[in-house]
Every structure is written in C-alpha cells, then in structure tokens.
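Positions 1 to 351 (UniProt numbering) are the ones given, in order, by the sequence shown.
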Amino acid sequence: MDAAAETWEDGPYMFILRIEEREANPALPWSLKLEVSMSGPHGYISASEWPLMVFYMVMCIVYVLLAVLWLALSACYWRDLLRIQFWIGGVIFLGMLEKAVYYAEFQSIRYDGLSVQGAVVFAEVLSAVKRTLARVLVIIASLGYGIVKPRLGALLHRVVAVGLLYLIFSVVEGVLRVNAVSQRVLVLCDIVLAFTDSCVVWWISFLLLAQTMKLLRLRRNVVKLSLYRHFTNTLIFAVIASVIFIIWTTKTFRMSKCQSDWRELWIDDSFWRFLFSIILLVIMFLWRPSANNQRYAFSPLVDEESDEEEKEPMMNEAFGSGLHLLCHDLFFQDEDLKWVEENIPTSMADV
1 MDAAAETWED
11 GPYMFILRIE
21 EREANPALPW
31 SLKLEVSMSG
41 PHGYISASEW
51 PLMVFYMVMC
61 IVYVLLAVLW
71 LALSACYWRD
81 LLRIQFWIGG
91 VIFLGMLEKA
101 VYYAEFQSIR
111 YDGLSVQGAV
121 VFAEVLSAVK
131 RTLARVLVII
141 ASLGYGIVKP
151 RLGALLHRVV
161 AVGLLYLIFS
171 VVEGVLRVNA
181 VSQRVLVLCD
191 IVLAFTDSCV
201 VWWISFLLLA
211 QTMKLLRLRR
221 NVVKLSLYRH
231 FTNTLIFAVI
241 ASVIFIIWTT
251 KTFRMSKCQS
261 DWRELWIDDS
271 FWRFLFSIIL
281 LVIMFLWRPS
291 ANNQRYAFSP
301 LVDEESDEEE
311 KEPMMNEAFG
321 SGLHLLCHDL
331 FFQDEDLKWV
341 EENIPTSMAD
351 V
C-alpha cells in the first residue's frame, strides 16, 4: 500500500483529508468508508508511547528478578518468616503482573494498531489493587505490625476503610479515564485520590511512625529503632521527591499552552511507579528474610522487659519507703517496751 504522506522526524502532525463530491445529473447516493493507518519505525505505536512501553518492559524484568529473589530468601528462611514479609511478597507479585499486562497492551498496539478494551480495563483495575495494597503495606509497616505489636487491634478498621476508599476511587478513575469520560468527573476522582494520599502521608508521618519510634525508644530496642529510622528517611525522601515532581509537571504540562516537551510525557506516568519501586526495594532490604529474622519479630518477653524495668524503680522505691516505715515503727516499739520495763513493776514483790 502506498503512503499518502510521509514524515521526516518524530513529532505531532495534522493529517487533513478533503473529499469533494462531483456534480452528477441526476445526483447519485454514495457512501465512503475510510481507514487511516499510521506506522513508524517501531510499528503502529506512537512516538510518545514508545518510551513508556520500554519502561514497562524494563520494570517487568526488574519485578521478575525481585520476585525470584524474594521467593528464594523466603524458601531459605521459611520457618522464621514474619507476617509483614507475606504482604511484601504479595505486593511484588501484583507489581510484576501489572507491568506484564501493561507491556502486553502496548505490544498489541505496536503490532496490530488496536487497543484491546478489556485488557486496558483489566490493567487499570489490577494497577488500582496493587497501589492500594502498596499503601496498606506502608501503613502496617509504620504501625509496626508483627514487629512492635502482634496485631493491629482497633486500628484494623481504619486501615481497611482507607484501603477500600482508595481502591474504589482508584478503580473508578482508571475506568473513566480509559473510556474518555468528561474531564470534570476525572478531576473529581483525582482530587479524592490526592486527598486520600495526603491523609495517608500525614497519618503515617506524624502519627504512626512517631508513636512506633517513641515506643521503641522507651523500650531501648536499638535494632528495631535503627530499622524504622531508615524507613522514615525513605518516606521523607519520597515525599520531597513527590512535591518537586508535582511542581515540575504542573509547570511543564498543565500550565503550558503549547506542549513542546511531548517527548517527556511518558515521565508523568512512569515516575510514580518508579518511585514506589524504590520504596518497595528499601522495604525489601529492611525486612528481608534472613537468619536473624527473629530479632525483628514481636516477642512478648523481650518487648515487655523494658516495661518491667520501668516498673522496678517504682517498686524499689515503694519497698524502700515501706521498709523505712517498718524500721521506724519497730524502733518506737522497742523504746516503748524499754520504758515499760523501767517504770512499771513486774510483780508485787517489787512494789
């Protein structure tokens, strides 16, 4: 098939097709079926989406390697696995599956030029589930689940509520974006997701992590405290990087009337996935299965030992004060008995 037009470099183009009706007497009814096909060096995929496909391919390989590594470590130390390590394994598996589905979708566009609607919706739902579990993982890690406390207790309902809220709006936003619904609905979903993310960050940074680290300081558990310090520094880095990236994207893509940096559009989508991959990698390193796993596990005897140490000084003080009072009473009792013996006769003969 001969090409109607050819381009000389990658960029945005406008293809105008004009159809004129010839005069006929009498006028004849006619219909036109038109199919426009655009292909380039990489197939039917557009130049702006090609870097994104490469990104998903690389990330899929990375997640496969992480999954194999985590599975091998878990198999070696399966007797001492912590509960949070099962959550980490689930998030790794979902991340690997998500990247594989997105890569397969881009491959379909590249070779066939068509997007499979069902596959796109499935990818968005899978991505929403993975992001939800990722946030729940960060929350329960900040709570010290399995490390500082054996169970979540009353906080379980809050964690589930936050997870369900984020999952629902994330799925709705993804499906509406795929189906090209009105921009107002998408903006509303984005606002709710941003508000939920802000609440999660505030809850984690200012409440959960602060309480967990304060408890570890009181218990003088240096090993666990060092782990949570590294985790806190990672989250601080993630928040700072997110703020800087939001400012950059707003200035470059949102407030620009003419987007000349179209080659960088793929970064807007890939940055958040890459940032979470870094956080997940740090979590994997900090909570990796090892022979010293039980150092991080919750142990009632060890974790309550410091509480008993705090109570011992109070008991010693109470015991000391009680002993002082007892000695004081015995001293006065001896003085009274001595006075009785000296001043009161013991028999009638003494009288």
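By construction, the Cβ of each residue, glycine as well, lies at the ideal position given by its N, Cα and C atoms. Everything numeric in this text was worked out from a predicted model, so none of it was measured.
List the DSSP bridge partners of Lys149. Tyr145
Would you say Val116 and Glu105 are within 8 Å of each other, going by their C-beta atoms?
Judged by their CB atoms, Val116 and Glu105 are nearer to each other than the 8 Å cut-off.
Report buried or exposed for Arg151, applying the criterion of at least 16 other Cβ atoms within 10 angstroms of its Cβ. exposed
ask   = By a C-beta neighbour count over all protein chains shown, 10 Å radius and 16 as the cutoff for buried, is Thr7 buried or exposed?
value = exposed
Tell me, please, which residues DSSP counts as bridged to Gly40. Gly43
Query raised in the report: What are the boundary residues of the alpha helix (DSSP H) that includes Gly90?
Result: Looking at the DSSP string, the run of the alpha helix (DSSP H) that includes Gly90 is 83-112.
Exercise. For Ile139, which of Ile88, Ala4, Ser127, Val223 has the nearest alpha-carbon?
Worked result: Ile88
Next on the checklist: Using only the alpha-carbon positions, how far apart do His42 and Met57 sit?
Outcome noted: 15 Å
Problem - Residue closest to Arg131, alpha-carbon to alpha-carbon, out of Gln211, Asp80, Val200 - result: Val200
Hey, is the segment 271-281 in contact with the segment 230-244, meaning 3+ C-beta pairs nearer than 8 Å? yes
Q. How close, in whole Å, do the beta carbons of Met53 and Tyr13 come, if the pair is a contact with beta carbons under 8 Å?
A. No, Met53 and Tyr13 are not in contact; Cβ-Cβ is about 20 Å, not under 8 Å.
Kindly indicate which three-state DSSP category Glu308 falls into: helix, strand or coil? Bear in mind that a pLDDT of 45 at Glu308, under 50, signals an unreliable position, so the number given afterwards is only what the model happens to contain. Glu308: helix per DSSP, three-state reduction.
Which same chain residues, not among the five before or five after Ala119, have their C-beta less than 6 Å away from its C-beta? Glu105
**Message:** So Ala128 and Val171 are supposed to be a Cβ contact under 8 Å. How far apart are they, rounded?
**Reply:** 5 Å
Gly11 - containing alpha helix (DSSP H), residue span
Careful: Gly11 lies outside any alpha helix (DSSP H) and carries neither H nor E.
Checklist entry - From Leu65, Leu81, Ser46, Glu9, pick the residue whose C-alpha is nearest to that of Phe290; which is it? => result In the sequence under discussion, the amino acid at residue 290 is Ser, which differs from the Phe named in the question. Residue Leu81 is the option with its Cα nearest to Ser290.
key: Trp50, buried or exposed, once every other Cβ within 10 Å from all chains shown has been counted against 16   = buried
- Message: On the DSSP letters alone, give me the boundaries of the alpha helix (DSSP H) that Asp268 sits inside.
- Response: Taken as a continuous stretch (DSSP letters only), the alpha helix (DSSP H) holding Asp268 covers 265-286.
Query raised in the report: For Gly174, is the classification buried or exposed, using 16 other Cβ atoms within 10 angstroms of its Cβ as the cut-off for buried?
Result: buried
**Report entry** Start-to-end residues for the alpha helix (DSSP H) that takes in Asn221
**Finding:** Looking at the DSSP string, Asn221 is not in any alpha helix (DSSP H), and its letter there is neither H nor E.
Taking only three categories from DSSP, how would you classify Ile19?
coil
Between which residues of its own chain and Val159 is the CB-CB distance below 7 Å, once the five residues before and five after are set aside? Val136, Ile139, Ile140, Leu152
Would you identify the three-state DSSP class for Tyr77, choosing helix, strand or coil?
-> coil
*Mind checking which residues open and close the alpha helix (DSSP H) that includes Glu173?*
155-178
Straight-line CA distance for Met38 to Leu167?
37 Å
Same chain, Cβ closer than 6 Å to Leu208, neighbours up to 5 away in sequence not counted: Answer for Leu208: Ser142, Leu143, listed in chain order.
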